[in-house]
Amino acid sequence: MRATMTETKHNRKPAQKGAPGVKQLISATALAATLTGWALLTATQPADQAATTAVVGSQINVPPLVMPTLAPVATAAPLSLPTAGTAAERPQIVVQAPPAPTAAPAPAQPLRQVVVPAPPAPSFPFAPVARTRSSR
Amino acid sequence: MQQTTFRAMGSTIMVALDADTPRAIAALAAVPDWFAGWERIFSRFRTDSELSRLNRSHGRWMPVSQLLWELIEIAVTAARQSHGLVSPALLPALEAAGYTKSFIPDQPVAEVHPSKSASGPRVSLDYRGIRLNSHSRAVWLPPGLRIDLGGFAKGWAADQVVRRLARFGPVLVDAGGDIAVSGPRADDSPWPIAVDDPCHRSEQIDLIMLGEGGVATSGRDYRRWRQGDVERHHIIDPRSGAPANTDVLSATVIAPSVLAAELAAKAALILGSQAGLDYIATLENHTALLVLDNGQVLRDEAWAAHCWVTV
């Protein structure tokens, strides 16, 4: 089961085409705990049964939300280079490659509250045809 | 490339058709009328829509049109497959949270007061109460259960437009940020699509190259308002009956269809980052990017294969 995450909030700069980002390994224990927690959630308080009857008014009365205990996120493994096969799968659009980054991206950090300054906007070789965003 | 942009279903709709024959142009011009017809069926904000009539029918079997039947079937199936996370039976919860009117672009977060009634019918948020009779194509809703199809209709509509226009040429449909493509462009290149940054509206996080399927984003960064002292948004967690309270600010999913992407993105937002990515991993040919409320960006393993630039 894959649940790999890469965390790159502060590294918004042009990168080489094909850079895959940091691969993060979720330990088997953490993954099992997550799945067990999700199974517990659906067994003891599934959305199907949590959506119970309530009186219309200022508030809907529902059973307390049962949250699973999630295992802590494992520390990311170092960045690995893309394989030759990855490049062959890339779309064939010819543009000038941006300059290579001078340092490898930092490994992903565990989730935590941070104050986030606005990063420099990334530059792309051409304008998109459309933009995906939350419904508006 | 021909393109049309208009407002429908409370969103901005853009359709790009990579063809310039007179028939293609005529078909493109008809798209706003298609959406208008679908809104007359699916909109909960119209008291005369077929859906609103169904929502007033509780306790009686009501025959429905083929299109309403199709979308309700899709919604019920999605609810079953997601263990109820993505559900059509949340209209009372949406209204209780204050989402009682269609959203207007750039409207400031407004004061909304929950409806107050000393007593009223008991409501149900359990989609399993919906009964479907395929022989008579009729729907039965128990008293207290009402349907909202807002989480399904845009993706469904985008897929419909792609299906109808694809015979004229390559087509992309952007229904309020939920995007479907028929295939590569006429020059065989994928469509470049920006993933907007929910933390900084004028900026983008990634540029993805989409040659098939769809991409959708579910977020609590835009459709939000204030209810008393509490800020609310439109993604209801069926387990609590309230707007989802997780660490995910927005979830973007690439999937074999935009409807599948829309459903998976919503489920991932409701579940939270860790459980959400685990859930996406169980879905074939789905990949996700999550933006957390602390600004962190998480991508799953397969996401990079769709990117032009990964930062």
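Residue numbers (numbering that gives the first Met the number 0), protein chains in the order written: chain A, 0 to 135; chain B, 0 to 310.
For glycine and all other residues, C-beta sits at the position ideal for the given N, C-alpha and C.
Is the beta carbon of A241(B) closer than 7 Å to that of L84(B)? no
Exercise. Is it the case that the CB of R43(B) approaches a heavy atom of the ligand FAD more closely than 6 Å?
Worked result: The ligand FAD is not among the ligands present in this structure, which contains no ligands whatsoever.
TODO: Have a look at G168(B) and I192(B) and give me their C-alpha separation to the nearest angstrom.
DONE: 19 Å
In the structure shown, what three-state DSSP assignment does F41(B) receive?
-> helix
List the DSSP bridge partners of V313(B). Lying outside 0 to 310, the shown extent of chain B, residue 313(B) is not represented and no answer is given.
List, in order along the chain, the chain A residues whose C-beta lies closer than 7 Å to that of V181(B)?
-> According to the sequence as given, residue 181(B) is Ser; it is not Val. In chain order: nothing, as chain A lies at least about 13 Å away.
Exercise for review: Anything in the region 153-168 of chain B with a Cβ closer than 9 Å to a Cβ of chain A? List those residues in chain order, please.
Suggested key: K153
### Message
Does L131(B) come out as helix, strand or coil in the three-state DSSP assignment?
### Response
strand
Problem set entry | is_contact[I178(B), chain A] using C-beta, thresh 7 Å | yes
Should A88(B) and L27(B) be called a contact, given that it needs their Cβ atoms to be closer than 7 Å? no
**Item:** Where F167(B) falls: helix, strand or coil (DSSP)
**Value:** coil
Task: Whole-angstrom distance between A174(B) and S188(B), CA atom to CA atom - done: 22 Å
- Query: Are the C-beta of A193(B) and some C-beta of chain A separated by less than 7 Å?
  - Reply: yes
is_contact[G338(B), chain A] using C-beta, thresh 7 Å = Residue 338(B) is absent from the structure shown; chain B starts at 0 and stops at 310.
Report task. Would you mind giving the Cβ-Cβ distance between L209(B) and V180(B), rounded to the nearest angstrom? I have them listed as a contact below 8 Å. Result -> 5 Å
task = Mark M13(B) as exposed unless 16 or more other C-beta atoms lie within 10 angstroms of its C-beta, in which case mark it buried.
result = buried
Margin query: Against chain A, does Y98(B) count as a neighbour if the rule is that its beta carbon must be under 7 Å from one of theirs?
Written below: no
Looking at the structure shown, is T11(B) part of a helix, part of a strand, or coil, going by DSSP?
strand
>> In the DSSP output, what is M208(B) paired with across the bridge?
In response: P191(B)
Original post:
How many angstroms separate the CA atom of L78(A) from the CA atom of S217(B)?
Top reply: Bear in mind that a pLDDT of 40 at L78(A), under 50, signals an unreliable position, so the number given afterwards is only what the model happens to contain. Taking the straight line from one Cα to the other gives about 29 Å.
Which chain A residues sit within Cβ distance under 7 Å of G58(B)?
By Cβ distance, chain A contributes nothing, its closest Cβ being about 15 Å from G58(B), past 7 Å.
- Item | Minimum Cβ-Cβ distance from W68(B) to chain A less than 7 Å | no
> Does V214(B) get closer than 7 Å to chain A when you measure Cβ to Cβ?
Replying inline: yes
For W224(B), which residues in chain A fall below 7 Å Cβ to Cβ? Ordered by position in chain A, no residue passes the 7 Å Cβ test against W224(B), which lies about 14 Å from the chain.
Between which two residues does the beta strand (DSSP E) containing D177(B) stretch? D177 to V180
| If you draw a straight line from the alpha carbon of I40(B) to that of P124(A), how long is it in whole angstroms? | 42 Å
Out of curiosity, what's the CA-to-CA distance linking D196(B) and Y221(B)? 12 Å
- Message: Determine, for G150(B), whether the minimum Cβ-Cβ distance to residues of chain A falls below 7 Å.
- Response: no
| query | Taking three-plus beta-carbon pairs below 8 Å as touching, is the region 30-44 of chain B in contact with the region 222-229 of chain B? | reply | no
Query raised in the report: Would DSSP call I350(B) helix, strand or coil?
Result: Residue 350(B) lies beyond the residue range present for chain B, which begins at 0 and ends at 310; the question has no answer from this structure.
_Comparing C-alpha positions only, which one of V75(B), V63(B) and V138(B) sits nearest to H57(B)?_
V138(B)
| Rounded separation between A165(B) and A92(B) - CA only | 38 Å
Nearest to W307(B) by alpha carbon, out of E72(B), I204(B) and W68(B)? I204(B)
task: Measure the C-alpha to C-alpha separation of Q2(B) and L16(B) and round it to an integer number of angstroms.
output: 6 Å
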